[in-house]
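In the order they appear, the protein sequences are chains A, B and C.
Using full-length UniProt numbering, read the first sequence as starting at 1 and increasing by one per residue.
Using full-length UniProt numbering, read the second sequence as starting at 1 and increasing by one per residue.
Using full-length UniProt numbering, read the third sequence as starting at 1 and increasing by one per residue.
For every residue, glycine included, the Cβ atom is placed at its ideal position computed from N, Cα and C.
What follows is one structure encoded as structure tokens, with my remarks underneath.
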Amino acid sequence: MFRNSDKMRYWALILPALAIMVTFYIFPVLGIWEIAFTEPTTGVGNFVQMAESSAVRTSFILTFRVAAITTLGCLILGYVVAYAISNFAGKLTPLMLALVILPFWVSVLIRSFSWIVLLGRSGLVNDTLRDTGLIDSPLRLMHNEFGVLVAMIHVMLPFAILPMLTNMRGISDAYVKAARGLGASEWTAFRQVYFPQTVPGVMSGALLVFVLSLGFYVTPALLGGGRVLMISEYITYQIQEFLNWGLGSALSVALLIATALVLLIAARFVNLRSALLERK
Amino acid sequence: MTDTTDFEAKRDIADIAVERYKQGRLTRRGFVAAMGALGILPALNSKAFAQANEIVVVNWGGTAKDVLQEVLCDTYTELTGIPVVVDGSGPSAGKIRAMVESGAVVWDLCDSGAGSAIILEQQGVTQPIDYSIVDKSKVLEGTAYNNGVGNYVYSYVLATNPKLLGGNVPQNWADVWNTKDFPGMRTFRKSVRGMLESATMAQGVPLAEVYDVLGTDEGIKAGIAKFRELRENIIVWGSGSDSQNLFLQEEVAIGNIWSTRAHLLKDQMDEGSFNVSFNGGVIAPGIWVVPKDNPAGTEEVMKFIAHGQKPELQVKWLEMIGSGPINPEAAPLVPAELAPWNPSSPENLATQILYKDEWYAKNQVSAEEMYVDALIN
Amino acid sequence: MTTPILSVRNAVKRYGQVHALDHVDLDVADGEFLTLLGPSGSGKTTLLSAIAGFIRPDEGSIHLRDREITAAPPEQRDFGMVFQGYALFPTMTVRDNVAFPLKVRRRPAAEIAARVTECLALVQMEQYADRMPQQLSGGQQQRVALARALSFKPQVLLLDEPLSALDKKLRADLQWELKALHDQLGVTFIYVTHDQDEALSMSDRIVILRDGKIQQQGAPGELYNRPRTAFVADFLGKSNFIDVSVSSEADGVFHCQAKGAQFEVDAKGASASQVSRVALRPERLRLAEPGQEFLPATVKQVSYLGERCQVIVTHDQLGELLVSCPTWKTGINPRAGLPVSIGWDRDACVPLTND
Numbered sequence: 001m002f003r004n005s006d007k008m009r010y011w012a013l014i015l016p017a018l019a020i021m022v023t024f025y026i027f028p029v030l031g032i033w034e035i036a037f038t039e040p041t042t043g044v045g046n047f048v049q050m051a052e053s054s055a056v057r058t059s060f061i062l063t064f065r066v067a068a069i070t071t072l073g074c075l076i077l078g079y080v081v082a083y084a085i086s087n088f089a090g091k092l093t094p095l096m097l098a099l100v101i102l103p104f105w106v107s108v109l110i111r112s113f114s115w116i117v118l119l120g121r122s123g124l125v126n127d128t129l130r131d132t133g134l135i136d137s138p139l140r141l142m143h144n145e146f147g148v149l150v151a152m153i154h155v156m157l158p159f160a161i162l163p164m165l166t167n168m169r170g171i172s173d174a175y176v177k178a179a180r181g182l183g184a185s186e187w188t189a190f191r192q193v194y195f196p197q198t199v200p201g202v203m204s205g206a207l208l209v210f211v212l213s214l215g216f217y218v219t220p221a222l223l224g225g226g227r228v229l230m231i232s233e234y235i236t237y238q239i240q241e242f243l244n245w246g247l248g249s250a251l252s253v254a255l256l257i258a259t260a261l262v263l264l265i266a267a268r269f270v271n272l273r274s275a276l277l278e279r280k
Numbered sequence: 001m002t003d004t005t006d007f008e009a010k011r012d013i014a015d016i017a018v019e020r021y022k023q024g025r026l027t028r029r030g031f032v033a034a035m036g037a038l039g040i041l042p043a044l045n046s047k048a049f050a051q052a053n054e055i056v057v058v059n060w061g062g063t064a065k066d067v068l069q070e071v072l073c074d075t076y077t078e079l080t081g082i083p084v085v086v087d088g089s090g091p092s093a094g095k096i097r098a099m100v101e102s103g104a105v106v107w108d109l110c111d112s113g114a115g116s117a118i119i120l121e122q123q124g125v126t127q128p129i130d131y132s133i134v135d136k137s138k139v140l141e142g143t144a145y146n147n148g149v150g151n152y153v154y155s156y157v158l159a160t161n162p163k164l165l166g167g168n169v170p171q172n173w174a175d176v177w178n179t180k181d182f183p184g185m186r187t188f189r190k191s192v193r194g195m196l197e198s199a200t201m202a203q204g205v206p207l208a209e210v211y212d213v214l215g216t217d218e219g220i221k222a223g224i225a226k227f228r229e230l231r232e233n234i235i236v237w238g239s240g241s242d243s244q245n246l247f248l249q250e251e252v253a254i255g256n257i258w259s260t261r262a263h264l265l266k267d268q269m270d271e272g273s274f275n276v277s278f279n280g281g282v283i284a285p286g287i288w289v290v291p292k293d294n295p296a297g298t299e300e301v302m303k304f305i306a307h308g309q310k311p312e313l314q315v316k317w318l319e320m321i322g323s324g325p326i327n328p329e330a331a332p333l334v335p336a337e338l339a340p341w342n343p344s345s346p347e348n349l350a351t352q353i354l355y356k357d358e359w360y361a362k363n364q365v366s367a368e369e370m371y372v373d374a375l376i377n
Numbered sequence: 001m002t003t004p005i006l007s008v009r010n011a012v013k014r015y016g017q018v019h020a021l022d023h024v025d026l027d028v029a030d031g032e033f034l035t036l037l038g039p040s041g042s043g044k045t046t047l048l049s050a051i052a053g054f055i056r057p058d059e060g061s062i063h064l065r066d067r068e069i070t071a072a073p074p075e076q077r078d079f080g081m082v083f084q085g086y087a088l089f090p091t092m093t094v095r096d097n098v099a100f101p102l103k104v105r106r107r108p109a110a111e112i113a114a115r116v117t118e119c120l121a122l123v124q125m126e127q128y129a130d131r132m133p134q135q136l137s138g139g140q141q142q143r144v145a146l147a148r149a150l151s152f153k154p155q156v157l158l159l160d161e162p163l164s165a166l167d168k169k170l171r172a173d174l175q176w177e178l179k180a181l182h183d184q185l186g187v188t189f190i191y192v193t194h195d196q197d198e199a200l201s202m203s204d205r206i207v208i209l210r211d212g213k214i215q216q217q218g219a220p221g222e223l224y225n226r227p228r229t230a231f232v233a234d235f236l237g238k239s240n241f242i243d244v245s246v247s248s249e250a251d252g253v254f255h256c257q258a259k260g261a262q263f264e265v266d267a268k269g270a271s272a273s274q275v276s277r278v279a280l281r282p283e284r285l286r287l288a289e290p291g292q293e294f295l296p297a298t299v300k301q302v303s304y305l306g307e308r309c310q311v312i313v314t315h316d317q318l319g320e321l322l323v324s325c326p327t328w329k330t331g332i333n334p335r336a337g338l339p340v341s342i343g344w345d346r347d348a349c350v351p352l353t354n355d
């Protein structure tokens, strides 16, 4: 009896959030699935068309490549930042943390536009390089994969830093001290004692960035010059440009399944529970 | 048949009006009207409230709505005393059809496209144009349909930045594909609309034969192949403002863009750093359609369409937001400095072809697919 | 003392205005169990960190036998270390933890395996070799930490409050074991604690620190019985303090004047001019019927502790004094308000010098 009413209470607590998820997420997603199999005709026609299209294949490969490189870049840069903040920032930690979170206050759109200002043909970077005589003609820094990657890494970086930082801040400095006291060099102590403890943070940062990158739209659309066509942009293209809801929905379904597969594969190698829920 | 109406282009014209308004070239009047409209429009959607002697014209919103109001509607009211209201909610073919089939028609006249006009006619939800009131000779040849008639035009044009090119400006599409003599980045639309035509002309196909060539699979493939060949030099524009920014930021020196955007760029770019050639351009019309059982009645709407054909009003359109007159008679009235930018001036018409909706209805989907593949794969 | 295995010379470490180490000199004999004892902030941990190499003194030097190690990184000092909270590596098994110091020293695998088994046996943890540290109790983790610190046969073992996280009973048991281990292995132990019981029960020598300075050092009994300063007398056990003036000195005995009392005190090497206070251990005070001892007093409060009984008595001039007497031996039954008399032997008082 007591247990039952307890359970009811928990359900009542999550009900509002659950209702919002079901109404505004689960239902629309189901709608997308329906459209994928029914527009313009019922069946798997859209998926056949998708499988046969080399543009779709290219776009998928591109999407996974961009997401993977973005993830790697974010992990390397983010690890260094998180490591520096958690081990050396001292009293400046709150400030550093604020600086990491600060970009969230500016919309992705504006941050991506800023990169256009920086990386453009007559942008800050090119102008500076030209003024200092390092280059004669402007470098192509955007409207290609390079520009997309630079901006994507920038946009995604906080998502990599935050889980790693939370994880690292939970690691006592006693371990590295202990390792060194027991005869390990600084590098050995880092590699064998510190790093293994940060793996959960690294994994959760990696998953977060990779999954978010797979569905990323604004930045590649703005900086890709139309030729770095990631799946999400391709979906928009199908729906906005050709009003081809069927194929667009089928692509969404495919992306959703691909993302789920990534998580499943990741689950084989890492403990998702500890990577996503526990930060220590 | 798929609806080939280029909604993007229509929305873009609305955007352009916004820019004009910001530049102070549109009056505030439209804004006040819009505020009122917020209260009025829901009532309009109910048949009971629709006034019999009022015309409701529907276009794609934004401040293009205000231009339409100011240039055509208010002048009509002055002449006849009949109120004309612009609704900017976007008369897509689907909405028109739904409205007619539900029997609750509140729209009298819709700014549509050739593709939609043809489909709507087949579905039997639009009225024939009464060519005894609307003058067939006052629209460009090929834009007078049974159930639709041209209202303005815009073109896909060859835009260049002579300063960036060092004065060495491509004169035609073949030059655009010649990256050796004309180095630099080009911009093309993220769609085959108006683009595949230029790629075909770049192969030396004469204007008149472009759609014949594109009528064959080999013709399409050859056009697509041209893009594959050029792709390392291509940045794609998605929206009209994209294309504008690419020129403004000097990201590209050459491009195939809308003449309406070029109209803005000519004022924004430095003297001598922007040029447009209608040589090999593709001209596309906006089309008026009249839903069946429109509340104001057939005759009243036809009279309004005829009013809009007046050359002086058409020139005003061009001045304000760069859409070209559909009426060839307007050309002589265009101020000399604007004439080169007018898509429908006789000189420019001679070097362009008319956008062919029938071709798009048949080939667009597969062509787009190949186009994307050519650009990214 | 023969050649010390470790010597600290004139070590100074400043943090801003604060001297964490204030000209510290310390010699540690080979095989000694040395305890650094002091309240928090006394500099004991700083001194251990300087010895371990985690901080570098601003001045002074540290030698390991003949070798100067003042600036050497921790890993080149070859000390075994046991940390507060154990710091067992959570991503490694017990076995790998114990093997860690050997692996980083690149010992052959066979030797590592043998040595790990040996060390785990030493602390009776063989059956837990494949557990993760988180699966062990506090006491078990402590033992593993000890095995890990000893695995590479260090000459010196540094222990930083290793028992502080354990409950009282376990702590007492492990004190015996640590002492036994020390005696069995003959390794030099340098042990940091703030717990006087630990210090007294295990050490060969205790060094008491305060404000970065060494206050006094010596064998536990010597420190307990002859504290030189009020700080030491109070920190190591409890003391009553009585302000006195020495009126005369003869044959190593001071004649002391206190408010309302006169008594004799063994000089114990102190010079009369420096003494203005004496310390008196509560257990050295005798409680008796009124008139039987030389100072009249009244019982204020009684606290019963089982084996002992703590009694606070008040004397008109000297104020409150704490008396600790065995419950089984007391002749009277103290209760609040009871008039009594108190007294002590001449050698019970310890003359103190000013801090």
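With DSSP run on the structure shown, which of helix, strand or coil describes Glu320/C? Strand.
At the 7 Å Cβ level, is Asp373/B part of the contact set with chain A, yes or no? So yes, Asp373/B belongs to the interface.
Secondary structure of Asn342/B, DSSP reduced to three states: coil
Alpha carbon to alpha carbon, what distance is there between His263/B and Ile321/B? If you take the alpha carbons of Ile321/B and His263/B, they lie about 8 Å apart.
Could you tell me which chain A residues have their CB closer than 8 Å to the CB of Met81/C, listed as they occur along the chain? Ala178, Gly181, Leu182
Identify, in the order they occur along the chain, each residue of the same chain with its Cβ nearer than 6 Å to the Cβ of His143/A, setting aside the five sequence neighbours on each side. Cβ neighbours of His143/A beyond the five flanking positions: Gly225.
Contacts around Thr71/A, its chain only, beta-carbon distance under 7 Å, and the 5 residues preceding and following it disregarded: Answer for Thr71/A: Ala206, Val209, Phe210, Ser213, listed in chain order.
Check for me: the beta strand (DSSP E) holding Ile208/C runs from which residue to which? 205 to 210
Quick one: Cα of Ser203/C to Cα of Thr35/C, how far? C-alpha of Ser203/C to C-alpha of Thr35/C: approximately 6 Å in a straight line.
With contact counted as at least three CB pairs below 8 Å, one residue from each stretch, are the region 205 to 212 of chain B and the region 152 to 166 of chain B in contact? Cβ pair count under 8 Å is below three, so no.
Along chain B, in chain order, which residues have C-beta atoms closer than 7 Å to that of Gly225/A? Ile235, Val236
Do the region 170 to 189 of chain B and the region 283 to 292 of chain B make contact, defined as three or more Cβ pairs closer than 8 Å? no
Should Ala48/B be flagged as near chain A, meaning a C-beta pair shorter than 7 Å? The predicted model places Ala48/B with a pLDDT of 35, which falls under 50 and marks its position as unreliable; any figure quoted below should be read in that light. It does not: the Cβ of Ala48/B has no partner Cβ on chain A nearer than 7 Å.
Exposed or buried, which one is Trp177/B when buried takes at least 16 other CB atoms within 10 Å? Sixteen is the threshold: when 16 or more other Cβ atoms of the shown chains lie within 10 Å of the Cβ of Trp177/B, as they do, the residue is buried.
May I ask which residues mark the beginning and end of the beta strand (DSSP E) holding Ala284/B? 275 to 289
Start-to-end residues for the alpha helix (DSSP H) that takes in Ser366/B: 357 to 376
Where Ala87/C sits in the DSSP three-state scheme: coil
Determine the burial state of Ala348/C: buried for a count of at least 16 other Cβ atoms within 10 Å of its Cβ, exposed for fewer. buried
Under the assumption that Lys13/C contacts Thr45/C (Cβ atoms under 8 Å), give the Cβ distance between them as a whole number of angstroms. About 11 Å separates the two Cβ atoms, so there is no contact after all.
Could you tell me the boundaries of the beta strand (DSSP E) in which Asp266/C lies? 261 to 266
Could I get the ranges of all uninterrupted alpha helix (DSSP H) runs contained in the region 109 to 196 of chain C, with 4 residues as the minimum, in chain order? Whole alpha helix (DSSP H) segments, 4+ residues: 109 to 122, 138 to 150, 168 to 185.
Just curious, the alpha helix (DSSP H) that Asp135/B is in, first and last residue? Premise fails: Asp135/B is in no alpha helix (DSSP H) and is neither H nor E.
Arg29/B to Lys316/B, Cα distance in whole Å? With a pLDDT of only 42 at Arg29/B, under 50, the local geometry of the prediction cannot be trusted, and the value read off the model is given with reservation. Spanning the two alpha carbons is a distance of roughly 16 Å.
Under 8 Å between beta-carbons, which chain A residues line up against Arg231/B? List them in chain order, please. By Cβ distance, chain A contributes Arg227.
Can you give the Cα-Cα distance for Ala250/C and Cys309/C, rounded to whole angstroms? 36 Å
With a threshold of 7 Å between beta carbons, is Phe89/C in contact with chain A? yes
What residue range is occupied by the uninterrupted alpha helix (DSSP H) comprising Pro94/A? 93 to 101
Do Asp373/B and Ala55/A have their CB atoms nearer than 7 Å? yes
Report yes or no: do the region 155 to 162 of chain C and the region 187 to 198 of chain C share at least 3 C-beta pairs separated by less than 8 Å? Under the three-pair Cβ rule at 8 Å, the region 155 to 162 of chain C counts as touching the region 187 to 198 of chain C.
Comparing alpha-carbon positions, which option in Val82/C, Ile51/C, Met81/C lies nearest Glu68/C? When Val82/C, Ile51/C, Met81/C are compared, the shortest CA-CA separation from Glu68/C is found for Ile51/C.
Looking at chain B, is there any beta carbon in it that lies within less than 7 Å of the beta carbon of Thr58/A? Output row for Thr58/A: interface = yes.
Give a yes or no on whether the C-beta atoms belonging to Ala199/C and Ser239/C are separated by under 7 Å. no
What is the DSSP secondary structure of Lys221/B, reduced to helix, strand or coil? helix
Can you give the Cα-Cα distance for Leu236/C and Ala267/C, rounded to whole angstroms? 20 Å
Range covered by the alpha helix (DSSP H) that runs through Tyr83/A: Secondary structure note for Tyr83/A: its alpha helix (DSSP H) is the uninterrupted segment 54 to 88.
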